[in-house]
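**Student:**
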Amino acid sequence: MAEAFPVNNGMTSFWRTEPHFLDSYRSTEVLPDTSDIVIVGAGYAGVTTAYHCMRLSPSSSADKPSIVILEARQACSGATGRNGKSQLGSHLKPDVYYQISALADKYGMDVAEEVAAFELAHMAAVKACVEEEKIDCDLDFGKVIDVQLDDNHCAKLKAGYESLLSQGALTATEADFIPKETAESVSGVKGARGCFRCRTGRLWPYKFITQLLERTVSAGVNLQTQTPVLRISETPDIDGRWTVVTTRGSIRAKWVVFSTNAYTSAIAPEYKDKIVPVRGVCSRIVVPNPPKNPLSCSYTLRFNAWDYDYLIPRPDGSIVVGGGKSTFFHNSSEWYNNTDDSRLIESAARYFDNYMQRHFHGWEDTGAYTDRVWTGVMGYSTDSLPHVGHIPNKPCQLVIAGFNGHGMPQVFLSAQAIAQMIIRGATYEETTLPRLFKTTPERLSSQENHILTHLKAI
1 MAEAFPVNNG MTSFWRTEPH FLDSYRSTEV LPDTSDIVIV GAGYAGVTTA YHCMRLSPSS
61 SADKPSIVIL EARQACSGAT GRNGKSQLGS HLKPDVYYQI SALADKYGMD VAEEVAAFEL
121 AHMAAVKACV EEEKIDCDLD FGKVIDVQLD DNHCAKLKAG YESLLSQGAL TATEADFIPK
181 ETAESVSGVK GARGCFRCRT GRLWPYKFIT QLLERTVSAG VNLQTQTPVL RISETPDIDG
241 RWTVVTTRGS IRAKWVVFST NAYTSAIAPE YKDKIVPVRG VCSRIVVPNP PKNPLSCSYT
301 LRFNAWDYDY LIPRPDGSIV VGGGKSTFFH NSSEWYNNTD DSRLIESAAR YFDNYMQRHF
361 HGWEDTGAYT DRVWTGVMGY STDSLPHVGH IPNKPCQLVI AGFNGHGMPQ VFLSAQAIAQ
421 MIIRGATYEE TTLPRLFKTT PERLSSQENH ILTHLKAI
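Once you know that position 378 of the sequence shown is 378 in the UniProt record's numbering, the rest is easy, because the numbers rise by one and skip nothing.
1. Can you list, in chain order, the residues of its chain with a C-beta nearer than 7 Å to that of R314? Leave out the 5 residues immediately preceding and following it.
2. Please check the pair T264 and I275, which I expect to be a contact at CB under 8 Å, by giving their CB distance rounded to whole angstroms.
3. Do you know how far the Cα of V7 is from the Cα of G89?
4. So, does the CB of K456 fall closer than 7 Å to a CB anywhere in chain B?
5. I need the straight-line Cα distance from R372 to L120, nearest angstrom please.
6. Does the Cβ of P290 have 16 or more other Cβ atoms within 10 Å, making it buried, or fewer, making it exposed?
7. Beta strand (DSSP E) containing S35: first to last residue?
8. I believe H450 touches T382 by the beta-carbon criterion, under 8 Å. Please report the beta-carbon distance rounded to the nearest angstrom.
9. At 3 residues or longer, what runs of the beta strand (DSSP E) sit wholly inside the segment 252 to 282?
10. Going by beta carbon distance, what residues of the same chain come within less than 7 Å of K438, once the five residues before and after it are set aside?
11. On the three-state DSSP scale, how would you describe I238?
12. Shortest alpha-carbon distance to S77 belongs to which of S187, L22, I422 and V217?
13. If you run the structure through DSSP and keep just helix, strand and coil, what is R314?
14. Hey, could you find the ends of the alpha helix (DSSP H) S163 is sitting in?
15. Given a cut-off of 7 Å, decide if D150 and N304 are closer than it, judged by their beta-carbon atoms.
16. Do T171 and E113 have their CB atoms nearer than 7 Å?
17. Taking the straight line between their C-alpha atoms, what separation do you get for D36 and W242?
18. Compute the distance between the beta-carbons of L92 and M123, then report whether it is under 7 Å.
19. For M1 and V286, what's the separation of their Cα atoms in angstroms?
20. Give the straight-line distance between the Cα atoms of V186 and I312, rounded to the nearest whole angstrom.
21. Roughly how many angstroms lie between the CA atoms of S414 and T49, to the nearest whole one?
22. Taking just the CA atoms, how far does P277 sit from F5?
23. Go through its chain and collect everything with a Cβ distance to P395's Cβ below 8 Å, but skip five positions before and after it.
24. Under 6 Å Cβ to Cβ from L56, same chain only, skipping five residues before and after it: list those, please.
25. Which full runs of the alpha helix (DSSP H) of 4+ residues lie inside the segment 354 to 427, going along the chain?
26. Tell me the rounded alpha-carbon separation between L436 and V111.
27. Our contact map puts I209 next to G43 with C-beta atoms below 8 Å; I'd like the distance itself, whole angstroms only.
28. Cα-Cα, which of C154, S24 and R197 is closest to F96?
29. Measuring alpha carbon to alpha carbon, tell me which residue in G168, C154 and P205 is nearest R193.
30. Starting from the C-beta of Y351, find all residues in its chain whose C-beta is less than 6 Å away, skip the five residues before and the five after it, and write them out in chain order.
31. For the beta strand (DSSP E) containing C53, name the first residue and the last one.
32. If you draw a straight line from the alpha carbon of Q211 to that of S347, how long is it in whole angstroms?
33. Along the chain, where does the alpha helix (DSSP H) that runs through F208 open and close?
34. Please work out which residues of its chain come closer than 6 Å, Cβ to Cβ, to T223, disregarding the five sequence neighbours upstream and downstream, and give them in chain order.
35. Roughly how far, in whole angstroms, is the beta-carbon of V189 from the beta-carbon of V144, given that I think they are within contact range, below 8 Å?
36. Among Q410, F258, A262 and T375, whose alpha-carbon lies nearest the alpha-carbon of R16?
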C-alpha cells in the first residue's frame, strides 16, 4: 500500500457495537483557524494525551491551552476500538518476563526493569483514573495464564525467566512458573507444556476511551471526527506554528502530537518503514452451554516462538479470542504494511470455529460458536519499541505511537509524559518514561526490522 492512511469503511468490532454519542461528533461546524495544541488521532493515545494536558493546565479557563483532536474516522475506531490482534487486546497486562528477558539481554537489566516497572504502574494509574472519572468500562483485575504448547520454546522462556530472577529483577517476581507436570490440570488447556501466571487487568477499551473523551470535550477540548489529516507543513511559520492540512481546511498549531499509531508514516515521513501497519484478526465466541468450570482468568496460548492466541473472558460469558496467525503469516501482503480493516483475512475467517472445544478440557459439549470475526490494524515499530517524545529536528512536534499491539499497559503514562513536555516544558528525562521508548535520530536511521527478521526465521 502506497500510504498508511486509514480506509473509510472499517469492519465493526465487538468493542464498537455500542456507539458512544461522541462517536462521530464535531464540536464546531468549521475548524478553528488556530489552536495551541493539535492532537492527531482520537484513540487511546490521543484521548489520554488531551486528558492529561487538561489536568496539568491551570485551573483558570482563560489560561488553559486550546486543544483540537482531529480524527480521520470515528472516535476510537483504530486499534483501541478493535484490538484486532493478538498479543494483549483489551488486557492491561504488564510484561514481566517475556520480552523483558530479551530486552535485558540486549540493553541491560536496569533498562529492561524500567520498562517492566512502567507497565506495572499502569494498572494502578488506569484504576485511579476510572474511579476518579467514574467511568463504566468493565474494569477488573485478576490473573492471566500464559500457556506454552511447545517444549523447546517453554524451556527457553523458563531459562530467561530464571535468569531475570537470578539477577534480582523485582518485576519478574510478579510471575510464577507452573511446570509441565501440573500445567494441563492448572490451565485446563490440552497439551500444555508449562505455564506462566501473572497479574493482569482487563476492560472494555472503547468505553474507557470514549467516556474519557467525553470528560475532555466537556472540559473544552474541540473534537473533530471524520477529518483526515493530509499533511503537516515542512517548516513552522514566522509565529512558530505548524500548518495542519485536513480535508476540511487547515489549522495553525503551536504543538502537534502524532497519536496516529499504524498511520503515523502517512503524515510524519520520518517514520516511514519505522512504524509499520500490521493487520490482525480477532473474534467473539458465544457459549450457549457453559462448562462446569468456565474460564476464571485470561489466557495466552503460545504454540511456538511466533504463533500465539489470546483469550479474554467477558462478564456476559462470551470470550474475545484473537490471533490465528498461523493461517496467514506466510502471506505477508495480507498483514504487513496493510491498513485495510474493511475486510477479513479470509484464510483466518474460520480459524475460531470450535476453538474452545479444540483447546480446553471440558468444553466439548458447550456448543461454543463464533459470533463475530473482525480485523484491526496495529502500529508495529521495526525495533519492537514504542516511539515517544519530541520528533528530531521538528520543534514542538511530538509522537506517541508504535506500540506493537501492546499499548494498554504502555500508553496511559506515556501520554501523561507527553502532556508534561507540552504543558510544563519537561524534558524526556524528567518524566517517568523508560529510556528505550525515546524516539531518536539513531532509531530513525537504523536499518533493523524485527518484523521481517522474524518472518524470515519461520
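Where is the CB? At the ideal position from N, CA and C, for every residue including glycine.
**Tutor:** So, from the listed chains and residues:
1. So the qualifying residues of the chain are V320.
2. Rounded, the Cβ-Cβ distance is 5 Å, consistent with contact.
3. In this predicted model, G89 has a pLDDT of only 46, less than 50, meaning its place in the structure is not dependable enough to derive any value.
4. The chain inventory of the structure shown lacks chain B, comprising one protein chain alone.
5. Put simply, the backbone Cα of R372 is about 32 Å away from that of L120.
6. P290 comes out exposed.
7. Where S35 is concerned, the enclosing beta strand (DSSP E) stretches over T34 to V40.
8. Yes, they are in contact, since the Cβ atoms of H450 and T382 sit about 6 Å apart, within 8 Å.
9. Listed in chain order, the beta strand (DSSP E) elements of length 3 or more contained wholly in the segment 252 to 282 amount to none.
10. Answer for K438: V388, G389 and Y428, listed in chain order.
11. Reduced to three states, the DSSP call for I238 is coil.
12. Nearest to S77 by C-alpha distance, out of S187, L22, I422 and V217, is L22.
13. Residue state, collapsed to three classes: coil.
14. Element bounds for S163: D151 to S166.
15. By the CB criterion at 7 Å, N304 and D150 fall inside the cutoff.
16. In contact: T171 and E113 (Cβ atoms closer than 7 Å).
17. Here the alpha carbons of W242 and D36 stand approximately 10 Å from one another.
18. Yes, the pair counts as a contact, with Cβ atoms nearer than the cut-off.
19. Confidence is the limiting factor: at M1 the pLDDT is only 44, short of 50, which leaves the residue's position unreliable, though a coordinate-based value still follows. Rounded to whole angstroms, M1 to V286 spans 35 Å at the Cα level.
20. Taken atom to atom, the span from the alpha-carbon of V186 to that of I312 is near 17 Å.
21. In a straight line, the C-alpha of S414 is about 8 Å away from that of T49.
22. Just so you know, the alpha carbons of F5 and P277 end up roughly 10 Å apart.
23. Exclusion of the five residues before and after P395 leaves P236 and G240 as the residues of its chain whose Cβ lies within less than 8 Å of its Cβ.
24. Sequence-distant partners of L56 (beyond 5 residues in either direction) whose C-beta falls short of 6 Å from its own C-beta, in its chain, are A419 and I423.
25. Scanning the segment 354 to 427 from its first residue to its last, the whole alpha helix (DSSP H) runs of 4-plus residues come out as 355 to 359 and 411 to 423.
26. For L436 and V111, the distance between alpha carbons rounds to 7 Å.
27. At roughly 7 Å, the Cβ-Cβ gap stays under 8 Å, so I209 and G43 are in contact.
28. Inspection of the sequence shows that residue 96 is occupied by Val rather than by Phe. The shortest C-alpha separation from V96 is found at R197.
29. Cα-wise, what sits closest to R193 is C154.
30. Excluding sequence neighbours, Y351 sits near G324 and T327.
31. First-last for C53: Y44 to L56, but that is the alpha helix (DSSP H), not the beta strand (DSSP E).
32. Their backbone Cα atoms lie some 35 Å apart in a straight line.
33. It spans P205 to S218 - the alpha helix (DSSP H) in which F208 sits, taken as one unbroken run.
34. The question names Thr, but residue 223 in the sequence shown is Leu. Result list for L223: Y25, S27, I69 and V217, in chain order.
35. About 13 Å; that fails the 8 Å criterion.
36. In terms of Cα proximity to R16, the closest of Q410, F258, A262 and T375 is T375.
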